[in-house]
Amino acid sequence: MYEETVTLKVGEYSRLKQGIVKAVHLLYCGMPTKDTFSIAFFRSEGYQGYGINLYYPTDVKTITIDGVQFRVVKVTADQLTLQQYEMM
Numbered sequence: 000m001y002e003e004t005v006t007l008k009v010g011e012y013s014r015l016k017q018g019i020v021k022a023v024h025l026l027y028c029g030m031p032t033k034d035t036f037s038i039a040f041f042r043s044e045g046y047q048g049y050g051i052n053l054y055y056p057t058d059v060k061t062i063t064i065d066g067v068q069f070r071v072v073k074v075t076a077d078q079l080t081l082q083q084y085e086m087m
């Protein structure tokens, strides 16, 4: 079962709240090659945080970022659509 669908254009981000002060930010960075897409992942708790770039093949079906699982619906050079799995 899926909780929500997120569509990001290059340079847009989505904030996924995971608790009272904990949040995860995803930023779509586009496609550095025709077979790879990139997502920047930012995590913060209170005033502390960090960020990393993640690279995936365009034919991947599911990805897991910080324990949150997503189904990759569509990947183009301009936008990325993900469906977040329902958290149990």
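To convert, note that position 36 of the sequence shown is 35 in numbering that gives the first Met the number 0; the numbers rise steadily by one, no gaps.
We put the beta carbon where it would ideally sit given N, CA and C, even for glycine.
(request) Indicate whether G48 and F40 have their beta-carbon atoms separated by less than 8 Å. (result) no
(message) Taking the beta strand (DSSP E) that E11 belongs to, which residues open and close that run?
(response) Counting along the chain, E11 falls outside any beta strand (DSSP E), and DSSP gives it neither H nor E.
(message) According to DSSP, simplified to helix, strand and coil, what is K60?
(response) In the structure shown, K60 sits in coil (DSSP, three-state: anything other than H, G, I, E or B).
(request) Quick one: give me the first and last residue of the beta strand (DSSP E) that Y84 is part of. (result) 78-84
(message) With H, G and I counted as helix, E and B as strand and the rest as coil, what does DSSP make of T35?
(response) Assigned with DSSP and collapsed to three states, T35 falls in strand.
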